[in-house]
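Working notes, beginning with the structure itself.
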Amino acid sequence: MGAAALPLPPTGSLPPLRRPDTFTEDQVLASLQNLEAIYCPIPLSLALQSPKKEKKNPRPVAPTPPVDSGYVSETENEDAENVKQALEELRCDAFERDFAMRWLTSFVSRAEEMIRIPEEARQLATDKAYCILESFTSAPDEEEHEDEGIVRDFAFTLRSSAPSPVTGSCENGISVRLLDGPLANTDHTAVGLQSFAASIILPELMCASPARFGLEDLAKKDAPRIVELGAGTGLVGLAMGHMLPHLGVPQPTPLIATDFHPVVLENLRANIASNFPGVENPPVDACHLDWSAPSRAPPLDLPADMLVATDVIYAPEHAVWLRDCASQLLAPDGIFWVLIAVRTNGKFEGISDTVEAAFGAPECPKDAEGRKLSILNIETLPKPDGLGRGDESGYKLFHIGWK
Ligand SMILES: C[S@@+](CC[C@H](N)C(=O)[O-])C[C@H]1O[C@@H](n2cnc3c(N)ncnc32)[C@H](O)[C@@H]1O
122 MGAAALPLPP TGSLPPLRRP DTFTEDQVLA SLQNLEAIYC PIPLSLALQS PKKEKKNPRP
182 VAPTPPVDSG YVSETENEDA ENVKQALEEL RCDAFERDFA MRWLTSFVSR AEEMIRIPEE
242 ARQLATDKAY CILESFTSAP DEEEHEDEGI VRDFAFTLRS SAPSPVTGSC ENGISVRLLD
302 GPLANTDHTA VGLQSFAASI ILPELMCASP ARFGLEDLAK KDAPRIVELG AGTGLVGLAM
362 GHMLPHLGVP QPTPLIATDF HPVVLENLRA NIASNFPGVE NPPVDACHLD WSAPSRAPPL
422 DLPADMLVAT DVIYAPEHAV WLRDCASQLL APDGIFWVLI AVRTNGKFEG ISDTVEAAFG
482 APECPKDAEG RKLSILNIET LPKPDGLGRG DESGYKLFHI GWK
């Protein structure tokens, strides 16, 4: 029996994640087994059986192919030693490791797009990918943790027209650290546990040109208020919370990130706490708000100067609910920014068109002066490289106000 073959380096073997819809089950399994052979030298199946690390719901995993047969001639022994050493070098290669980690992170977040793979196999592959990801952060002896999601770091450069009162510079780094909730979450209504591409694009646009979004005008108001609808992990609100002090907006400006899902809200609260550690009154607050039955209880009792929402239209009724909800919350001179993904195939095909239909409908609510919430401008944006799910073909930015 010859020595086991050396696994392939991740950079040279992992299929690009540009088109997950073309992935096959065999291809995905081979890729994951290769990574497992490099980064999980102790078969996960054995590790999970150890009484010390017993898990409530251990994920099913395939055993790692043995690196050494244990029954070899002297030459084979030497070969096996060489393979072991090369494997160790591959495992310690920071570049390969970083590449593998990024690939796996994308893989788990885009699993739903792998439409050629049956759902059960996709779930198993996601579980396996998640196990490998865990092995990057935990030493073999550490206690096993429940599936706790993935920490994602986002960095933006805020370019303001006036120097920041905090740093004195017109260019300031804005960073947000988020916990994208457990990917194995079985509750499919908790989509807000993941950050969608639109929530990355909107702060990017705001940072590039805060004046265009009316953010610098907020500095002229005494007590401006901002409300985010369907906040999910809270990336937009958190990024704005970091931006506003640099724009001279009075602090603390109430920035209320809302959602209707209890699990999503819990994750959102954890993200707020971890972005403003030790801050007694963080600039971002989380609050329950259901678009279909919006509450006006505090902190939502006062009109909002700005409403923001990203990727919030994925059912036919959403646009109408959001229109009516925004009509109740938005101040007479307020602005509502909505950025949504345009989906031209799959089950959400054409849903983005419902925004224009909802705001153009005759039954649109009116304010005391007979004005309706109207779309003032629509900008179409291309899909940036490496961002967004497979069914997203681009984005639409709606500027909405009273007219
Ligand atoms: C696709 S996620 C987008 C989350 C986040 N804005 C982003 O872009 O990453 C849609 C969000 O809207 C929330 N949502 C769905 N229906 C809602 C409703 N009726 N009222 C309030 N929030 C709702 C979901 O819980 C989820 O967090």
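Just so it is clear: in the sequence shown, position 290 is 411 by our numbering, and no numbers are missing.
Here a beta-carbon is modelled for each residue, glycine too, at the ideal position from N, C-alpha and C.
On a predicted model such as this, the values are computed, not experimentally measured, just so you know.
Item to check | Residues near D488 by beta carbon distance below 7 angstroms, same chain, minus five either side | outcome: Here the question's residue 488 lines up with position 367 in the sequence shown. Same-chain partners within the cutoff: P453 and W523.
Checklist entry - Closer than 6 angstroms: is that where the CB of D519 sits relative to any heavy atom of ligand 1? => result The count along the sequence shown starts at 1 and reaches residue 519 at position 398. For clarity, residue 519 is Phe in the given sequence; the question names Asp instead. No - ligand 1 has no heavy atom lying nearer than 6 angstroms to the Cβ of F519.
Next on the checklist: I'd like the span of the beta strand (DSSP E) that includes M235, first residue to last.
Outcome noted: The residue given as residue 235 occupies position 114 in the sequence shown. No beta strand (DSSP E) holds M235; DSSP gives it neither H nor E.
Checklist entry - First and last residue of the beta strand (DSSP E) that includes F457? => result The residue given as residue 457 occupies position 336 in the sequence shown. Looking at the DSSP string, the run of the beta strand (DSSP E) that includes F457 is L451 to R464.
Item to check | beta strand (DSSP E) runs wholly inside the region 424-449, at least 3 long, in chain order | outcome: 425-431
Item to check | C446 burial status per 10 Å Cβ neighbour count (16 or more: buried) | outcome: Locating residue 446 in the sequence shown gives position 325, counting from the first residue. So C446 counts as buried.
Checklist entry - Should S316 be listed as close to ligand 1, given that the test is whether its C-beta is under 6 angstroms from any heavy atom? => result Locating residue 316 in the sequence shown gives position 195, where the first residue counts as 1. Indeed, a heavy atom of ligand 1 lies less than 6 angstroms from the Cβ.
Next on the checklist: Suppose contacts are defined by Cβ-Cβ distances below 7 angstroms. Is D426 in contact with R346 by that definition?
Outcome noted: Against the sequence shown, residue 426 aligns to sequence position 305. Against the sequence shown, residue 346 aligns to sequence position 225. Yes, Cβ-Cβ distance for D426 and R346 is below 7 angstroms.
Checklist entry - Helix, strand or coil: how does DSSP classify R280 here? => result For the purposes of this step, residue 280 is taken as residue 159 along the sequence shown, with counting starting at 1. Reduced to three states, the DSSP call for R280 is strand.
Checklist entry - Whose C-alpha, out of L314, V459 and A201, is nearest the C-alpha of L494? => result Position 373 of the sequence shown, counted from the start, is the residue given in the question as residue 494. Looking at the Cα atoms, V459 is the closest of the given residues.
Checklist entry - What did DSSP end up calling D274 once you bin it into helix, strand or coil? => result Within the sequence shown, numbered from 1, the residue matching residue 274 stands at position 153. D274 falls in the strand class under three-state DSSP.
Next on the checklist: When you compare the CB positions of S320 and T431, do they come within less than 7 angstroms of one another, or not?
Outcome noted: As a working mapping, residue 320 is identified with position 199 in the sequence shown. As a working mapping, residue 431 is identified with position 310 in the sequence shown. The answer is yes: Cβ separation under 7 angstroms.
Checklist entry - Going by the beta-carbon positions, is the gap between I434 and I461 smaller than 7 angstroms? => result Translated into positions along the sequence shown, residue 434 becomes position 313. Translated into positions along the sequence shown, residue 461 becomes position 340. Contact: yes.
Checklist entry - When every heavy atom of ligand 1 is checked, does at least one fall within less than 6 angstroms of the C-beta of H525? => result Only positions 122 to 524 of the chain appear in the structure, and residue 525 is not among them; the question remains open.
Item to check | Rounded separation between A250 and E477 - CA only | outcome: As a working note, residue 250 is residue 129 in the sequence shown. As a working note, residue 477 is residue 356 in the sequence shown. So the alpha carbons of these two residues sit roughly 40 angstroms apart.
Checklist entry - Does the beta carbon of T431 fall short of 6 angstroms from some heavy atom of ligand 1? => result On the sequence shown, residue 431 is found 310 positions in, with the first residue counted as 1. Yes, ligand 1 has a heavy atom inside 6 angstroms of this Cβ.
Item to check | Under 7 angstroms between C-beta atoms of N396 and L300 | outcome: Looking up residue 396 in the sequence shown gives position 275. Looking up residue 300 in the sequence shown gives position 179. No, these two residues do not count as a Cβ contact at 7 angstroms.
Checklist entry - Taking C-alpha atoms, which residue in A352, P137 and D142 lies nearest to N388? => result Stepping through the sequence shown from its first residue, residue 388 is reached at position 267. Cα-wise, what sits closest to N388 is A352.
Item to check | S227 Cβ short of 6 angstroms to ligand 1 heavy atom set | outcome: Locating residue 227 in the sequence shown gives position 106, counting from the first residue. Because no heavy atom of ligand 1 lies under 6 angstroms away, the Cβ of S227 does not count as near it: no.
Next on the checklist: Please tell me whether D142 and G509 are closer than 7 angstroms, where the distance is taken between their beta carbons.
Outcome noted: Counted from its first residue, the sequence shown places residue 142 at position 21. Counted from its first residue, the sequence shown places residue 509 at position 388. For D142 and G509, no; Cβs fall outside 7 angstroms.
Checklist entry - Helix, strand or coil: which one does DSSP assign to P398? => result Taking the first residue of the sequence shown as 1, we reach residue 398 at position 277. Residue state, collapsed to three classes: coil.
Next on the checklist: Starting from P324, trace the beta strand (DSSP E) in both directions and tell me its first and last residue.
Outcome noted: Within the sequence shown, numbered from 1, the residue matching residue 324 stands at position 203. Where P324 is concerned, there is no enclosing beta strand (DSSP E), although the alpha helix (DSSP H) it sits in stretches over A318 to A329.
Item to check | Residue(s) in a DSSP beta bridge with F519 | outcome: Your numbering for residue 519 matches position 398 in the sequence shown. F519 pairs with V459 and I499.
Item to check | Close Cβ partners of A232 (< 6 angstroms) along its chain, the five nearest in sequence each way excluded | outcome: For the purposes of this step, residue 232 is taken as the residue at position 111 of the sequence shown. Once the five neighbours on either side are set aside, the close Cβ partners of A232 are R243 and T247.
Checklist entry - Is the beta carbon of G77 within less than 6 angstroms of some heavy atom of ligand 1? => result No statement about residue 77 is possible, as the shown extent of the chain runs from 122 to 524 and does not include it.
Next on the checklist: Under 6 angstroms: does the beta carbon of G511 sit that close to some heavy atom of ligand 1?
Outcome noted: For the purposes of this step, residue 511 is taken as residue 390 along the sequence shown, with counting starting at 1. Flag unset: Cβ of G511 not near ligand 1.
Checklist entry - Hey, is the region 335-343 in contact with the region 401-419, meaning 3+ C-beta pairs nearer than 8 angstroms? => result no
Item to check | Assigned exposure category for D506 - 16 Cβ within 10 Å defines buried | outcome: Along the sequence shown, one-based indexing puts residue 506 at 385. With fewer than 16 other Cβ atoms within 10 Å, it is exposed.
Checklist entry - Secondary structure at G191, three-state DSSP: helix, strand or coil? => result Along the sequence shown, one-based indexing puts residue 191 at 70. Confidence at G191 is low in this model, with a pLDDT of 34, below 50, so the placement of that residue should be treated as unreliable; the coordinate-derived value is given next. G191 falls in the coil class under three-state DSSP.
Next on the checklist: Shorter than 6 angstroms, the distance from the beta carbon of D411 to the closest heavy atom of ligand 1, or not?
Outcome noted: Along the sequence shown, read from residue 1 onward, the residue named residue 411 stands at position 290. Under cutoff, so the answer is yes.
Checklist entry - Which value, in whole angstroms, describes the spacing of the CA atoms of L150 and P404? => result Position 29 of the sequence shown, counted from the start, is the residue given in the question as residue 150. Position 283 of the sequence shown, counted from the start, is the residue given in the question as residue 404. For L150 and P404, the distance between alpha carbons rounds to 45 angstroms.
Item to check | Helix, strand or coil at L208 according to DSSP, with G and I counted as helix | outcome: Position 87 of the sequence shown holds residue 208. Residue state, collapsed to three classes: helix.
Next on the checklist: Am I right that D411 and F381 are in contact with their C-beta atoms under 8 angstroms? What's the rounded C-beta distance?
Outcome noted: For the purposes of this step, residue 411 is taken as the residue at position 290 of the sequence shown. For the purposes of this step, residue 381 is taken as the residue at position 260 of the sequence shown. Going by Cβ atoms, the distance from D411 to F381 rounds to 4 angstroms, so yes, they are a contact pair.
Next on the checklist: At the level of alpha carbons, what is the spacing between V204 and P128?
Outcome noted: For the purposes of this step, residue 204 is identified with residue 83 of the sequence shown, where counting begins at 1. For the purposes of this step, residue 128 is identified with residue 7 of the sequence shown, where counting begins at 1. Looking at the two C-alpha atoms, the distance is approximately 9 angstroms.
Checklist entry - Per DSSP, what kind of secondary structure is C408 in: helix, strand or coil? => result On the sequence shown, position 287 is the one that residue 408 refers to. Strand.
Checklist entry - Do L208 and I253 have their C-beta atoms closer together than 7 angstroms? => result The residue given as residue 208 occupies position 87 in the sequence shown. The residue given as residue 253 occupies position 132 in the sequence shown. Contact flag unset, no.
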